[in-house]
Ligand code: MD3
Ligand code: FE
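In the UniProt record's numbering, the protein residues as written are 7 to 207.
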């Protein structure tokens with residue numbers, strides 16, 4: 007089913023074929039391994055990341071940016087698997103954003119205890135394009151604020167296979183992920199994956 011959480015934000019519950027994505031994810035990570043990125047202040051993020059697609063999101067002492075080369079391997083990022091791209095395009099279309107063509111897929115890896123503080127996604131040049139987020143593995147408590155970092159938030163429980171689409175008025179909303187509680191997924195084990203599809207450039 008599909009639920010509009012607020013204008014511009016649509017949740018497609020259990021929309022993704024998580025078993026099919028799992029195999030492709032493993033191949034991508036063999037070519038571009040997970041790493042812990044550094045912030046501009048020098049601390050390390052608790053989430054581990056990698057990318058596939060034409061561009062990858064990076065964070066280091068210089069700040070945030072997109073790059074067509076993986077600095078760890080010196081090679082281009084792995085090609086975005088066809089089933090990743092099709093999933094993101096179909097989800098965007100169903101949510102009311104036809105014509106979405108992602109050129110970047112950020113892979114986030116969460117272990118129990120990992121969290122992501124409230125932030126905006128604004129490193130992309132085209133904010134008319136939506137963002138499509140796919141959750142795999144154990145459940146997470148996601149939250150959305152509005153255009154301000156403070157105030158009340160809307161909680162959303164994200165489970166394996168759930169797809170969230172953000173666009174229009176919700177595209178620049180603050181959001182984050184609460185500290186992950188321990189649980190186990192039959193295929194993924196005690197971890198959560200999030201694939202975030204974007205139009206970077
Ligand atoms: C709301 N990741 O990588 S995805 C991120 O679960 C990020 O890994 C989280 O936030 C995760 O930047 C949440 C959901 C998400 C992605 C983009 C958004 C929510 C968003 C952009 C605007 C508003
Ligand atoms: Fe984000």
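Quick reminder that beta carbons are idealized off the backbone N, C-alpha and C, glycines included. Quick caveat, the model's predicted, so the values are computed rather than measured.
State the Cα-Cα distance for the pair residue i and residue j, rounded to the nearest angstrom.
| i | j | result |
| --- | --- | --- |
| residue 196 | residue 49 | 25 angstroms |
| residue 55 | residue 113 | 5 angstroms |
| residue 117 | residue 191 | 12 angstroms |
| residue 207 | residue 143 | 29 angstroms |
| residue 167 | residue 80 | 32 angstroms |
| residue 70 | residue 44 | 10 angstroms |
| residue 57 | residue 157 | 32 angstroms |
| residue 39 | residue 201 | 15 angstroms |
| residue 165 | residue 187 | 13 angstroms |
| residue 19 | residue 66 | 34 angstroms |
| residue 89 | residue 159 | 32 angstroms |
| residue 162 | residue 121 | 15 angstroms |
| residue 77 | residue 86 | 18 angstroms |
| residue 93 | residue 16 | 15 angstroms |
Report yes if the C-beta of residue i is less than 7 angstroms from at least one heavy atom of ligand 1; otherwise report no.
| i | result |
| --- | --- |
| residue 169 | no |
| residue 57 | no |
| residue 160 | no |
Does ligand 2 have even one heavy atom less than 7 angstroms from the beta-carbon of residue i?
| i | result |
| --- | --- |
| residue 127 | yes |
| residue 191 | no |
So residue i packs on residue j, CB below 8 angstroms; how close in whole Å?
| i | j | result |
| --- | --- | --- |
| residue 205 | residue 128 | That belief does not hold up - the Cβ atoms of residue 205 and residue 128 are roughly 13 angstroms apart, past 8 angstroms. |
| residue 176 | residue 29 | Contact doesn't hold; Cβ gap of about 31 angstroms is too wide. |
| residue 25 | residue 193 | 6 angstroms |
| residue 124 | residue 63 | Actually they do not touch by this definition, with Cβ atoms about 18 angstroms apart. |
| residue 42 | residue 36 | With a Cβ gap of about 18 angstroms, residue 42 and residue 36 do not count as contacting. |
| residue 184 | residue 147 | 4 angstroms |
For the segment 8-41, list the beta strand (DSSP E) runs that are entirely contained and at least 3 residues long, ordered along the chain.
Inside the segment 8-41, DSSP marks whole beta strand (DSSP E) runs of 3 or more residues at positions 8-12, 15-18, from first to last along the chain.
Cβ pair count under 8 angstroms reaching 3, the segment 143-152 against the segment 175-182
The answer is yes - the segment 175-182 touches the segment 143-152, with three or more Cβ pairs under 8 angstroms.
List in chain order: all unbroken beta strand (DSSP E) runs of 3+ residues lying wholly within the segment 95-123.
The segment 95-123 contains these whole beta strand (DSSP E) runs: 110-116.
Mind listing, in chain order, the residues whose beta carbon lies closer than 5 angstroms to a non-hydrogen atom of ligand 3?
Although ligand 3 was asked about, the structure shown includes only ligand 1 and ligand 2 as ligands.
Could I get the ranges of all uninterrupted beta strand (DSSP E) runs contained in the UniProt domain "Fe2OG dioxygenase" (107-207), with 3 residues as the minimum, in chain order?
Counting only runs that start and end inside the UniProt domain "Fe2OG dioxygenase" (107-207), the beta strand (DSSP E) elements of at least 3 residues fall at 110-116, 122-125, 137-143, 146-150, 160-164, 169-172, 181-183, 198-204.
Examine the Cβ distances between the segment 132-140 and the segment 88-106 and report whether three or more of them are shorter than 8 angstroms.
Contact check between the segment 132-140 and the segment 88-106: three or more CB pairs, one atom from each, fall below 8 angstroms, which counts as touching.
For the segment 45-86, list the beta strand (DSSP E) runs that are entirely contained and at least 3 residues long, ordered along the chain.
Within the segment 45-86, the complete beta strand (DSSP E) runs of at least 3 residues are 50-58, 62-66, 69-73.
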